[in-house]
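One structure is given here, and the rest of the page talks about it.
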Amino acid sequence: MFSWQVLLYLVTTSLLLVETFFIPFTDPSKCQVGQYFQFSSLRCISCDANQIRSQDGLSCVCANGFRFIKNNGGLQVQCTQCDDLQVQSSDGWSCINCPTDADFNMLTKTCNACLGQTVAIDRQLNGELGSRQQCLTCQNDTQIASTYQTFCKRCDQSVLDITGGSCQCPVGVTVQGSVINEGGKCLSSQTTPFINSIPSIYPLNYVFLQRNMRVAQALCNSYQNFTACQLLGNLCVLHMYNTDNFDNLLTVSTDPCKEFLKLQREYKGEFNGNLDWPATMPWLYYTTVTPNEILSATDIKTIFSRGQLMQFVAVKFSASGKFLGITTDVGFLNICQNSKSTSFNTVAFTFPTTYKSQCKLSISSDKKKEEMVFYDLYMLIDNLFLYPVPVLVANILSGNQFINQGSSNNWKMTRRFFLLDNLSGLTNPDKNPDYFRYASSLQLHFMLRGDGLIFPPVLHIKYTDVQFTDSNSELAQEFNVLYEMNALNIIENIKIAVGTLSIVAIFYAVVRIVSWRRRMGSIMLDCNSFIVYTVFLFSGLSLVFWMVSFFACFLWLLIFKNQTTVIFLLPTADQEVLIKSLLVAALIMKFIDILHIIYYQINVDMFIIDWERPRGVVTTIENGSQNNVLTPVSIIRTLFVANEWQELQSIRRIKPTLQLVLVLLFHKVFGFEYLCTTDPITRYSVTSIDYVGEYSFTLRFAVISFLFFGIAITQSIIFGIFYERFISDSLRDFVDFCSLSNISLFIMPCSQYGFYIHGRSIHGRSDTSLHELFKQFQREEENLCGKRGLEPNSDHQVFEFTLTSKFRLTYEKILQPLMIRNENNTRRNPTSAKQNPALPGSSLPPFLELSVHAYETMNKYLTTFIEHALRDNDYIVKEKLLMEKLFNLELQSPLEKSIFYNDERRVFTEVLLYGQEWNLLLFTLLFYLVIDWLSGYNTILAVVLSYFIDSAIVSVRHTLGKRNLARKTMVDQRFLI
């Protein structure tokens, strides 16, 4: 069944692709009887007739009853049959009789085991092959084996071929001689050229390369020896894949990579559809395809689901080229010792979880001497095929440039890598290396190509060199698994949305500036109009930037956390630059808008109208003459109303402290922060064994914005529908208090536009006794008096108005003495002022006397105006049109008469913080998001700083608003508490 699946897959891919990198996955333990695992090509190869698999399963040896006639550690293994009653010698190269004919086993073609502590040997101690098994001294073509073996071992065939049967290579030869003694082998100069230039990676003697390069090249070239070819490939990897000597046809210098590429070209043959991989050699380079073709290959057809475990396979080799096996546990990629309790493979390779691990390692002496391992990494597809993972080494030099740190068009993709290099800097095998090279940064990068399909993953590696001292050195290591998708379309859509809505913001700013200029009575375009238009534009653009970013991030949150087939990945840090830029720009513009709002509110013109009339005439005698004066009206009611208005200036429907506390509660306690992690799991709590991914800026933007506005809307609904309706409504209470005090407010934020709160008492006066006051309340409850509204039979007490220019000129003329008053100078020099000759009998300073006179004149003027008693300055009351309400403007200009509009929507709160809730909330949110991002996602710090910035705004507004109230209403600040 397996073979048919493999065949079907290969046929399918061959129809779709000119070249494919798929390799059928073969477990070495699954090779059948009579097959060995060819580690150079990762496949099971059948042994020829009369051959069986070796004990390690990595080669073929002669079957019992047969001996070698040719074996160089590669493909060419030949055997011949022994005579009757003869068995294979222990080295496999000869046939020999058993100690006695009776010891011969006809079934197994072997001798019966020796009894006791004796060891069956084939050769005498002098190396002579005996007629029967016995112990003899090694001689001639044998030599004493290692201490772990107790037989005479035949010398390497390459030595015997050159020396004619001797194990000792000739000495004292020159470069031009016929024999070179290198690495325990005898190699003729015809077999390999002498390498006279071996560049060093470090400023020291590169011992490992010098000892092994020649023999590796010779055995790989002459015999295609599997281990030697792997060794030569490892030396090239240690040489950082440098191909300068190979590319330069004029140079006579050589290095491991040059020799490897020359042999690769010589033995080039299509293996598994790959022209870069001779079957007997390792695959190191991609030379037949470009980097962009590698990255954009669509070979992988598997559709990955959210939470699916991605499997990888690593083939391991020792530094000497020995095959160390195949493993599906790739936890070795993360060399950090402080690994998490959860399995690394389960966490790091769960699709599409972004994983990050950082640590510092103390390299002990044992670590410096441990065996160096080289790896070839593959992705396991459907448990059937291996797909090679290309490696991008940042340290590869080409022409003195790190080509893999520039444009992807110039990248050099490779295959083999290592994690710890303790050989390159080793000058003395008995000592620690002087230099140590290790993979300081590893990143496994996945690129999504849509609907759960991926492009080939790429392993990015950066090596760092460390010079050791006597003390242990610390090595910083980082391992990342990063998933990325092509977000160009999304980014373009965000830009299009920003551009489109920005046009709307521009036009809305035009509407606002037209309305503002009409309300200010401006005729000519001036610099002030341009500044105000810019602020209006900033206000709209800040909302647009946040809104587009929020909906984009919220869409990312919903899809990423809930998708089954992965079609959406989180943006990378580079892809988040646009959203971060929009956030910073929105914060700056909204900050300017908040400054303008505060300036707008603390410069409002307002006047407190007192409707109270004197109760009678008081007769006084002064200097013998009798004077009749009106009973003075108490100023206390005016002071009370001014204080109440002062308190209203900084009240909020959305309580900022409660807002931030609830955000912190939901984020940290109720676990909304776990929605912001890069792992694709929707959860609100974790256990001690769960892996929690890194925080994503995009997800935190969405979650925090959602919490902010969700909590604010909830507060607004509760406060507006329940609290204000059934418990207390400060604004309504203030209007009632104005009626109780017989006081009205005339508020003008613009020259010809403002608000009027009608507080004229329907009972005629409010400066009365408690008994009379309760009688007035009773008459209202029994509907025995008129209504409180400005118009007859109307309850409307709050109005917007637009004034004629004539009214404004009169207003400013009367108000002028109030504007030139200087209270501080008055307090410091109370006696310096002289009596005003124009106002005899007054003991006040002249400018104060003029201010009081102006106040009384203004009060009389406004009361007369409200009572329709000014023939040339009258007004009408009407309702605003729907268009006027939507765009907050007035289509009808007040040419002859001023216009009052019923303010049922409480538009007058725009001169209070109460009416700027959403602007303040957006500014606090933007400030919170920026602090959260810049502080490394420190929620506590963001909450604390947001609280302080909000408190600072309220404090500034309260202080400056109090000063403006005192200045515009002639209520001394000492009476504002």
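Using the numbering used here, you'd call the opening residue of the sequence shown number 19 and step up by one each time.
Think of the CB as a built atom: it goes at the ideal place given N, C-alpha and C, for glycine as much as any other residue.
Between which two residues does the alpha helix (DSSP H) containing residue i stretch?
i	result
F609	V595 to Q619
E718	According to the sequence as given, residue 718 is Arg; it is not Glu. It spans F715 to I735 - the alpha helix (DSSP H) in which R718 sits, taken as one unbroken run.
D483	Looking at the DSSP string, D483 is not in any alpha helix (DSSP H); the run it does join, the beta strand (DSSP E), is V476 to Q485.
N230	V225 to Y241
P309	P309 to L313
V522	L506 to M538
H789	L788 to E799
V411	Unbroken run through V411 is the beta strand (DSSP E), V409 to V411; no alpha helix (DSSP H).
Under a Cβ-count criterion, where at least 16 other Cβ atoms within 10 Å of its own Cβ denotes burial, should residue i be classed as buried or exposed?
i	result
C545	exposed
N511	exposed
K378	exposed
S668	buried
S215	A caution first: S215 carries a pLDDT of 45, below 50, which makes its placement in the model too unreliable to give a value.
K686	exposed
V270	exposed
T987	buried
C129	buried
H886	exposed
L125	exposed
R655	buried
C80	buried
Q934	buried
R631	exposed
D990	exposed
F403	buried
Using alpha carbons as the reference points, say which of the options lies closest to residue i.
i	options	result
I514	V622, A570 and D592	A570
I318	G807, T44, G933 and F40	F40
F817	T977, C62, F926 and N260	F926
G349	K986, N498, L293 and Q96	N498
Q228	D708, S240 and L256	L256
L944	M607, Q664, S973 and Y702	M607
A67	S58, S59, F84 and S748	F84
E389	E830, L342, D950 and T364	L342
R750	W663, T828 and E800	W663
L931	S973, F792 and M542	S973
V476	N310, T518, L506 and L983	N310
E1004	S442, I884, F556 and I114	Absent from the structure is residue 1004, since the part of the chain shown begins at 19 and ends at 995.
Provide the residue span of the beta strand (DSSP E) that contains residue i, from first to last.
i	result
D628	D623 to D628
K319	Per DSSP, K319 belongs to no beta strand (DSSP E) and is neither H nor E.
V79	C78 to C80
S557	Premise fails: S557 lies in the alpha helix (DSSP H), C545 to N580, not in any beta strand (DSSP E).
P674	Looking at the DSSP string, P674 is not in any beta strand (DSSP E); the run it does join, the alpha helix (DSSP H), is P674 to L682.
Keeping to the same chain, check which residues put their C-beta closer than 7 Å to that of residue i; ignore five residues upstream and five downstream.
i	result
D696	Sequence inspection shows Thr at residue 696; the Asp mentioned does not correspond to that position. These residues qualify, in order along the chain: T371, T372, L588, G711, E712 and S714.
D119	L103
I472	I318, F322, F464, M465 and L466
R701	Y692
F727	none
Cutting at 6 Å between CB atoms, please list the residues of its own chain near residue i, excluding the five before and the five after it.
i	result
S533	L907
T590	E502
T822	P912 and S916
M766	D623 and G772
L279	F264
L959	S953
Is the beta carbon of residue i within less than 7 Å of some heavy atom of the ligand HEM?
i	result
F690	This structure simply doesn't include the ligand HEM, nor any ligand for that matter.
Sorted by chain position, which residues of the same chain lie with C-beta nearer than 8 Å to residue i's C-beta, five sequence neighbours on each side aside?
i	result
K903	R923
Q329	T346, F367, M397, L398 and N401
D813	K805, R806 and G807
V516	V562, F563, V566 and L600
R845	Residue confidence is low: R845 scores 46 on pLDDT, short of 50, so the model does not pin down where it sits. No coordinate-derived value is stated.
**Prompt:** Below 8 Å, can you find three or more Cβ-Cβ pairs linking the segment 767 to 781 to the segment 620 to 633?
**Reply:** As far as the Cβ criterion goes, the segment 767 to 781 touches the segment 620 to 633, which means the pair count is three or higher.
**Asked** Do the segment 909 to 928 and the segment 937 to 951 touch if we need at least three Cβ pairs shorter than 8 Å?
**Response** In short, these stretches do not touch, since the Cβ pair count stays below three.
**contact_flag[the segment 590 to 600, the segment 558 to 569] where n(CB pairs < 8 Å) is 3 or more** = For the pair of segments examined, the segment 590 to 600 was found to touch the segment 558 to 569: the number of CB pairs separated by less than 8 Å reaches three.
**Asked** Does the segment 762 to 773 come within contact of the segment 535 to 542, defined as at least 3 CB pairs closer than 8 Å?
**Response** With contact defined as three or more Cβ pairs closer than 8 Å, the segment 762 to 773 and the segment 535 to 542 are in contact.
**Request:** Determine, using beta-carbon pairs with one atom in the segment 331 to 346 and one in the segment 235 to 254, whether at least three such pairs fall under 8 Å.
**Result:** Taking 8 Å as the limit for Cβ pairs, the verdict is that the segment 235 to 254 does touch the segment 331 to 346.
**Asked** Below 8 Å, can you find three or more Cβ-Cβ pairs linking the segment 416 to 425 to the segment 61 to 76?
**Response** With the cut-off at 8 Å, the segment 416 to 425 and the segment 61 to 76 do not touch.
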